[in-house]
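The block underneath contains the structure these notes are about, expressed in structure tokens.
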Amino acid sequence: MENDALIENTSREPLRHADRADSFEDHEAVPTRFRNVFVLCTGRCGSVSFAKACEHFTNYTSGHETRHRQTGEARVDFQDHHIEVDNRLAWFLGRLQDKFGDAAFYVHLIRDEQQVAESYDRRWHSHGSLIHGFDQGILRHQLPNEETAAELVRTINENIRSFLRDKSHKMTINLDDIQTQFPEFARRINATGNIEQSLNLFSERHNATGKNASKQSKQSLPIVRLTKRVHELKKENRFLRLLAIPSFILLLPLLTLVALFRHIAKPQKNRKWSLVSLLPSRRKRRIRDAYLAHHSQDPERAMTILGDDAPTGATELFRALSAQSDDEWLVEMNDWAACHHLPRLKLREGPEPRFYRIQFESVVPVPSPEKVTVIMPAFNAEETIEKAVQSILDQSWQNLELIIVDDCSTDRTAEIATRLAASEPRIRVLRNAKNVGPYVSKNRGLQVATGRYITGHDADDIAVPTRIADQMSPILRSPECSATIAYMLRIDDDAKFSFPSKMGGYSYDGMARKAMISLMIDREVLESHLGYWDGVRFGGDSEMLRRVSNHLGPKFQEIKKITMLCLDVAGSLTNNAEHGVTFWNGVSPIRKKYRDSWCKWHDKTQVKEQYLPFPHFNRHFDAPDEMLVSDEDLRDAVAWSAYDDLEQPNDNDTMRRETPILASDNKRRIGIVTYWFNRGQAMVSRELRAILEEAGIESHILARPTKSSFVRPTFIDRTDIWQQERIRTASRFLIPGDEYLEWAVENRLDTILFDQNLQFSEILMLRCKGIQTIGRFVWEDFGLDDVPAAKQAFDTIYSLTEAERLRYQSFGIDSPRVRWGCPTELVDFPKPERNDDEVRFFYPGGYLTQRKPTAEVIRSFRGVSNPRARLVIKAQHPNRGKKLAMKAERVDRRIRVIIDDLPAEEHYRLMASNDVCLAPTRWEGLGLHHSEAIALGMPTITNDFAPMNEYVTHGVDGWLIPAVWREEKSEGVPRLETPVGALREAIEKLCDNDFRQQLVAGVEARKASLDWNLTQQDVIDLVTEKPAFECAQ
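Numbering that gives the first Met the number 0 numbers the first residue of the sequence shown as 0 and each following residue consecutively.
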């Protein structure tokens, strides 16, 4: 309810900009200028930039934390027509409620919570920061970590959401979509001014490090940087060195020195965590020094250095270093195992070094409801692979599969792996044609994995029998956990501890070391969000782990338990001085260079954009040449490594194309791989199949589900247009290569049509099997980086629109076009009687995604004054549709929303009962509703941009609205915005009966040009023509 004393109506012109909104919400019919606007947030999410942007409003003042030093009533005493941006107001919500209540306009400014938490986690050095107050004053645990920062962000956002729950005038603005939402904010508060200048400010930094920082911020920046460095030195127990450097003392005024002293001295007395941070440092040095003493043949001194308070298990581990006999070693190592709650060890008899004779006592199997895939890359591991394999098979978690990927070994590794697989159905062996390193091998294993969870294991490691169960335990306990990682102990071939580590992120006690390969992760996270390992020859685990951490945050849990014994052998890749990580030399320069490269990529990209495809031909970040696998070797490995039954090529062979799979009756059989939860794809597939069947070609469908590891039955519809013969439901969205091949062989397919499918490596393997592969992409999902792999995978890439064809041509692809016309059965569809008292506009909203400008359509229609106008919104999303129906029909009774997924005939009957197809869009692939509207004799209103304007000639058979270019998507496709005013005028114009009938006559002429016979001929030509791209023979 509006309070007349606090809200003022104004007749001033609102701030001008292309009208737009990403979601339909209640808007005031006549915008009001509010006396107070408050922007609430957690902080660290662009609040300074937001306040700066508001300074360009001419009818509001704005400020950032303008009353932050005030108390009592003065804290919320703001002038009229003022926009206050202050993250600390979230702590004064009760005071805001008492003074302003529901009369003010409130904005909840948000940003990705994980990024905000990471930003706060970098501010522990700032003694007066909000994170310090929350940590020490609220939580009172005084242990700075990212979880504390995440808790702060969650708490503030929850408080703000609760406060705004019953507010009438509110808006949530996401910083990631500020270019769209800020103009909508300005419209809602009726702001006037220069919107472009406001938007430009969001591309600049306004904190202390930015060029637009305030004078006060710039003056304090050196002190902030110095304080941060002091904090870092203090945590390393070296902060007194700073005061010993005269240059620092001379540069700082007396008051700054006093502040610095307080910052350094007081926390030492009051903060437990400052002392806690020093204790592990002492232990770290003790482990290192003890190891060096023992390495110098002085075991007694080593034990003296360890002392009585050594880390858990350290004394036992060092005693085992001095063991002379197997019995002595077993006593000490079993004491060590008991300290870490591990099963007891034993040694089998034999002349080999101890590592090769280690065994664990058997454990009782545990319930294992989820299948786990263990991927084991192996290269020249004939001495250790059998032990590594057996340690996986002996797991207490028995529901698993082990995929061994032999990386073109020159010894007996592949032979041993094949022998083991012959007697154990849980083992599968893949072979690479070329040596491509462990990460390409792991990616190949991931492509054929069938487990719900994925982990790895090296071919020279021994898994503790409870390893998988220990790592699955947090995942089973909590739905909030999607991935885990555990620790290892590195030992030499005599089974003695050999690698003391620096305490920190990779070791919690100086002995155990984080086992990168132990990552256990939900396969859906990889397939839908992260993709594959970077296909370098070494160092790729660290990059993957960072991406996992970036994406999952607290859902990625660390298990501080040793789950693996890893062989530390001279000459291994890890111990290589040039490429590895050694105790004596640390991280090699090459690895550091690689780490710096991927860190920069992570820092400059959003988490949702950190998906790595496979093969990764066009790199997102650089890697040293020594780490890279050549594109030629990668393509050979991709082509040959996925199947057990492929004949391995000789060293001089390249990819070969086999004889096509043909049925004995010589009848052509064509497969179609497509999405099967979407009406549009199902309709196109049905029409393609009708064309093929009429030509005597049998067709089969492999139906891809939603973007999830496993099929969601609610989306695999079996009714209406989905009720077709010879349909097989794929196991998941990213279909394994062997599933493709099994389907092709079972149905004796000689050609497969792929719709919007970027699984280039799997498709390439089908092509090498002699199957003709034909692809087509919705253009925003296919970019220039995909071209090399696509040319390898497909015989032909075809187009359904001229816009697609020209875009492919700019990529160097000669793409034949299938001219999509008006299906005969739709042209002959009976037209119902239309009500002359109404002019009905039909809006195909689909799933109401961002591609559809639904809010703009509703706002445009609400501005139409003609009482005869009616709007029918046909949605296909039950949840979004219900909300839309409630709001739209409430604000304008001329609007009707239909959310049911109607049968095809009923859908066309509904569409045909309307007069005009209202089809603006932000971008479009084929635009099936355009040809449907033409077939039903309806003029169309759409954007004047390809491919929409291929179906409509302005003023002849429809009306084109000038599109507003907003941005270019990452694949080079424009994102368009629909001007509300222009759309409203178009609707008004087509309400005129005479003008509309003129357009209907033009539609009939257009219909004749979209002859379905041309479509049929183009499809048959497509599946019979020669390949457009060469395939090595």
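The beta-carbon is built from N, C-alpha and C at its ideal position, and this holds for glycine as well.
- Message: Does V744 pass the burial test, meaning 16 or more other C-beta atoms within 10 Å, or should it be called exposed?
- Response: So V744 ends up on the exposed side.
- Task: In angstroms with no decimal places, state the Cα-to-Cα distance between A212 and D175.
- Result: Confidence is the limiting factor: at A212 the pLDDT is only 47, short of 50, which leaves the residue's position unreliable, though a coordinate-based value still follows. Distance between the alpha carbons of A212 and D175 is about 22 Å.
- Item | Boundaries (first-last residue) of the beta strand (DSSP E) holding L752 | Secondary structure note for L752: its beta strand (DSSP E) is the uninterrupted segment T750 to D754.
- Query: By DSSP, does Q178 sit in helix, in strand, or in coil?
  - Reply: helix
- Whose C-alpha, out of N942, N1012 and C407, is nearest the C-alpha of V979? N942
- Would you mind reading off the limits of the beta strand (DSSP E) that contains G845? V838 to G845
- Message: According to DSSP, simplified to helix, strand and coil, what is C480?
- Response: coil
- Message: As an exercise, report each continuous beta strand (DSSP E) stretch of at least 3 residues that is fully enclosed by the region 363-449, in chain order.
- Response: 371-377, 399-405 and 426-430
- Message: By the DSSP assignment, the alpha helix (DSSP H) with H699 in it spans what residues?
- Response: Premise fails: H699 lies in the beta strand (DSSP E), E697 to R703, not in any alpha helix (DSSP H).
- Message: So, with DSSP's three-state summary, where would you put E203?
- Response: coil
- Message: If you measure between the beta carbons of A313 and M510, is that distance less than 8 Å?
- Response: yes
- Under 8 Å by Cβ, that's how I've got I467 and V362 pegged, so tell me the actual separation to the nearest angstrom. The Cβ separation is near 11 Å, so there is no contact.
- Message: On a Cα-Cα basis, can you pick out the residue from A932, R727 and S864 that is closest to P822?
- Response: A932
- Count the other C-beta atoms from every protein chain shown that fall within 10 angstroms of the C-beta of P352, then say buried if there are 16 or more, exposed otherwise. Answer is exposed; the Cβ neighbour count stays below 16.
- Assuming Y452 and E369 make a contact with CB atoms under 8 Å, what is their CB distance in whole Å? Between Y452 and E369, the beta carbon gap of about 6 Å places them in contact (Cβ cut-off 8 Å).
- Query: Got a sec? Which residues, its chain only, sit under 6 Å from I177 by beta carbon, not counting five neighbours each side?
  - Reply: F201
- Message: Nearest by alpha-carbon distance to L151: which of H929, S161, L129 and P473 is it?
- Response: L129
- Item | CB contact flag (A681, R703, <8 Å) | Between A681 and R703, the C-beta gap is not smaller than 8 Å, which leaves the two residues out of contact.
- Message: For P946 and S367, I'd like the C-alpha separation in whole angstroms.
- Response: 52 Å
- DSSP bridge partner residues for N942 (one or two, in chain order): I960
- Count the other CB atoms, across all protein chains shown, that sit within 10 Å of the CB of I137; report buried if there are 16 or more and exposed otherwise. exposed
- Task: Look up E949 in the DSSP assignment and say whether it is helix, strand or coil.
- Result: Reduced to three states, the DSSP call for E949 is helix.
- Item | Other residues of its chain near H479: CB distance less than 8 Å, five sequence neighbours each side excluded | Before going on, a small fix: residue 479 reads as Glu here, not His. Result list for E479: P553 and K554, in chain order.
- Item | Pairwise C-alpha distance: P623 and A641 | Confidence is the limiting factor: at A641 the pLDDT is only 40, short of 50, which leaves the residue's position unreliable, though a coordinate-based value still follows. So the two alpha carbons sit approximately 28 Å from each other.
- How many angstroms separate the CA atom of P464 from the CA atom of Y290? 28 Å
- Quick one: is the Cβ of E738 within less than 7 Å of any heavy atom of the ligand SAM? With respect to the ligand SAM, the structure shown offers nothing to examine, as it has no ligands at all.
- Message: Can you confirm whether the region 596-614 touches the region 525-540 when touching is taken to mean that 3 or more C-beta pairs between the two stretches lie within less than 8 Å?
- Response: yes
- Is the region 392-409 touching the region 372-379 in the sense that three or more CB pairs, one from each, lie closer than 8 Å? yes
- Query: How would you label V1022, buried or exposed, when you count the other beta carbons within 10 angstroms and need 16 or more for buried?
  - Reply: buried
- Message: Just to confirm the assignment, what range does the beta strand (DSSP E) spanning E83 have?
- Response: H81 to V84
- Message: Taking the straight line between their C-alpha atoms, what separation do you get for V856 and V863?
- Response: 11 Å
- Message: Taking its Cβ as the centre, do 16 or more other Cβ atoms sit within 10 Å of L783, making it buried, or is it exposed?
- Response: exposed
- Query: Anyone know if the C-beta pair for L383 and A462 falls short of 8 Å?
  - Reply: According to the sequence provided, residue 383 is Thr. The question's Leu does not apply to it. Contact: no.
- Beta-carbon proximity of M910 to V1002, cut-off 8 Å: no
- Message: Taking a contact to mean a Cβ-Cβ separation below 8 Å, would you say A319 touches K495 in this structure?
- Response: Contact flag set, yes.
- Query: In chain order, which continuous runs of the beta strand (DSSP E) of length 3 or greater are located wholly inside the region 54-111?
  - Reply: 60-63, 81-84 and 104-109
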